[in-house]
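Quick notes on the structure that follows.
Protein chains: 2
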Amino acid sequence: MKTKTLKSNNHDIFFKFKTNGHRLTAPRKAIITILSNTNNHPSVEEIYMEVHKQYPSIGITTVYRTLDLLVNWGLVHKFDFGEGKSRYELIEHPNGLGHHHHLICVNCKKIINYTDFINDEIELFQKLETRLSNKYNFKIKHHIVEFYGICEECINK
Amino acid sequence: MKTKTLKSNNHDIFFKFKTNGHRLTAPRKAIITILSNTNNHPSVEEIYMEVHKQYPSIGITTVYRTLDLLVNWGLVHKFDFGEGKSRYELIEHPNGLGHHHHLICVNCKKIINYTDFINDEIELFQKLETRLSNKYNFKIKHHIVEFYGICEECINK
DNA sequence: TTTGCTGCAAATACTTTGCAGCGTT
DNA sequence: AACGCTGCAAAGTATTTGCAGCAAA
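If you read the protein sequences in the order shown, they are chains E and D. When we follow the numbering used here, the leftmost residue of the first sequence carries the number 1, and every step to the right adds one. When we follow the numbering used here, the leftmost residue of the second sequence carries the number 1001, and every step to the right adds one.
In structure tokens, the structure reads:
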């Protein structure tokens, strides 16, 4: 079931390339697949290393360029957790599944994902997106929520 | 009233410097004051230009270093809106006042702040912070909420 | 064949670091 | 006097750009 979801999702992305007059090349497919198969937020370097296993001749520039396209189409989110480099994540399921929020330690930069949303949370965000879309004439694609603070270990250090 | 709030807030920050064995120098005061007096999220460059008016001899390195301290103490938030540089903002009022959320256009990078929270929103975030703090043993200092999408002009372009 | 994609190397841009001198406490 | 702060220049990273060759449609 998970596989199915991912596959059909990739299909949509592949389609997007074609309808935008862009070519769907092997490196691009590989990058999208890697993003589909992780629950993390890989950095460019990490994605590059992974693609490199399949296509040793690929350059990191291509990874940057492909991610840029995906970000501009609103299919991938570019995160910055203050590490001095970007991290990327597929926006697979705008209304729920796979989506998560973050707790970030400002001291050690540890990132905790949480996905066990309370119902109020999901409802509120749906309401908010509708309200803000109308008020600002903004086509909202996704949202992020991050709580910043000090993690257990850093408090006790 | 606004002035009063800002002043008392700066006071707390100034105090933090002293109690941490750091010196409260003129450039540092100037940087904090600049952050207090803006509703934007100035970049390092912008802060530097501003301080420079008062202290022409100041170097941009000092701005970086001061902001680092403030971020590590949880007094300032470092934003990244995908422009390739960071933006900074005082975390003045953890439970409401001055606090805002963002709508960000993934195409033109325009940022819209909104502050007219609905009551449910404020309540939910208080509830969430309590729940997450307990569950993950995390001392939450603040949160950010960002909605990403395409703005009016970019849709019509 | 046309037009887009790619890797490489070089160029940018932002941020961090080393160090010697200066200013606070 | 001691220790922290500062500017400058240099170093370090991440990301972008120019270009010639290659490949998909």
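Glycine is no exception: its CB is placed at the ideal position from the N, C-alpha and C atoms. The structure presented is a predicted model; accordingly, all values stated were derived computationally and were not measured.
When DSSP labels each residue in this structure, what does Leu90 (chain E) get in the three-state scheme? Residue state, collapsed to three classes: strand.
Note to self: Pull the bridge partners of Phe15 (chain E) from the DSSP assignment, please.
What the structure shows: Paired residues: none, contrary to the question.
Margin query: In whole angstroms, give me the CA-to-CA distance for Thr1019 (chain D) and Ile1155 (chain D).
Written below: Cα to Cα, Thr1019 (chain D) sits roughly 51 Å from Ile1155 (chain D).
Near the ligand GDP: Asn1107 (chain D) beta-carbon under 7 Å from a heavy atom:
Although the ligand GDP was asked about, the structure shown includes no ligands whatsoever.
Exercise for review: Please classify Glu45 (chain E): does DSSP put it in a helix, a strand, or coil?
Suggested key: Of the three classes helix, strand and coil, the one that applies to Glu45 (chain E) here is helix, per DSSP.
Q. By Cβ distance, which residues of its chain are closer than 7 Å to His41 (chain E), with the 5 residues on each side in sequence left out?
A. Phe79, Arg87, Tyr88, Glu89.
Cβ-based burial, Cys1108 (chain D) [other Cβ within 10 Å; buried from 16]: Exposed is the call here.
Could you spell out where the alpha helix (DSSP H) holding Ile1031 (chain D) opens and where it closes? 1026-1036 is the span of the alpha helix (DSSP H), which, as asked, contains Ile1031 (chain D).
Could you check if His1011 (chain D) is buried or exposed, using at least 16 other CB atoms within 10 Å of its CB as the buried criterion?
The residue is exposed, with fewer than 16 neighbouring Cβ atoms inside 10 Å.
With a threshold of 8 Å between beta carbons, is Lys16 (chain E) in contact with chain D?
So, not an interface residue.
| Sequence ranges, alpha helix (DSSP H) only - wholly within the region 1103-1155 of chain D, length at least 4 | Qualifying alpha helix (DSSP H) stretches, in chain order: 1119-1136.
Leu67 (chain E) beta carbon less than 8 Å from that of Tyr51 (chain E): According to the sequence displayed, residue 51 (chain E) carries Val and not Tyr. No, the Cβ-Cβ distance between Val51 (chain E) and Leu67 (chain E) is not below 8 Å.
Just the C-alpha distance for Val1160 (chain D) and Ile1031 (chain D), rounded to the nearest angstrom, thanks. Outside the shown range of chain D, which is 1001 to 1157, sits residue 1160 (chain D), and nothing can be said about it.
Can you give me the C-alpha to C-alpha distance between His99 (chain E) and Phe117 (chain E), rounded to a whole angstrom? Each residue's CA atom was taken as its position, placing His99 (chain E) and Phe117 (chain E) some 10 Å apart.
Pull up the CB-CB distance for Ile91 (chain E) and Leu69 (chain E), whole angstroms please, since I reckon it's below 8 Å. The distance from the Cβ of Ile91 (chain E) to that of Leu69 (chain E) is about 14 Å, inconsistent with a contact at the 8 Å cut-off.
Near Arg23 (chain E), which residues of its chain fall below 8 Å by C-beta distance, leaving aside the five closest residues on each side in sequence? Sequence-distant partners of Arg23 (chain E) (beyond 5 residues in either direction) whose C-beta falls short of 8 Å from its own C-beta, in its chain, are Phe17.
Check: How many Å lie between Tyr1114 (chain D) and His1101 (chain D) at the Cα?
Finding: So the two alpha carbons sit approximately 5 Å from each other.
Taking just the CA atoms, how far does Ala1026 (chain D) sit from Gly59 (chain E)?
C-alpha separation (whole angstroms): 48 Å.
Helix or strand or just coil, what does DSSP make of Lys1085 (chain D)?
Lys1085 (chain D): coil per DSSP, three-state reduction.
What are the start and end residues of the alpha helix (DSSP H) that includes Asp1068 (chain D)?
Start and end: 1060-1072.
Please compile the residues from chain D whose C-beta is within a distance smaller than 7 Å of the C-beta of Asp120 (chain E). Those are Leu1124, listed as they occur along chain D.
Note to self: Just to confirm before moving on: does the CB-CB distance between Val1106 (chain D) and His143 (chain E) stay below 8 Å?
What the structure shows: Cβ distance not < 8 Å, so Val1106 (chain D) and His143 (chain E) don't count as in contact.
- Taking the beta strand (DSSP E) that Asp1080 (chain D) falls in, what are its first and last residues? It spans 1076-1080 - the beta strand (DSSP E) in which Asp1080 (chain D) sits, taken as one unbroken run.
- What is the C-beta distance between Tyr1148 (chain D) and His77 (chain E), in whole angstroms, given that I count them as a contact (C-beta under 8 Å)? Taking the Cβ atoms as the reference, Tyr1148 (chain D) lies roughly 7 Å from His77 (chain E), within the contact range of under 8 Å.
Just to make sure I have the definition right: I need the residues of chain E whose C-beta is within less than 7 Å of the C-beta of Val1071 (chain D). Which are they?
Correct list: Val106.
Practice item. Confirm, please, whether the CB-CB distance from Phe138 (chain E) to Glu1152 (chain D) is below 8 Å. Key: It is a contact, given that the beta carbons lie within the stated cut-off.
Is His1100 (chain D) helix, strand or coil when you go by DSSP?
-> In the three-state scheme derived from DSSP, where H, G and I count as helix and E and B as strand, His1100 (chain D) is classed as coil.
### Query
With DSSP run on the structure shown, which of helix, strand or coil describes Asn40 (chain E)?
The answer is coil: DSSP assigns Asn40 (chain E) none of H, G, I, E or B.
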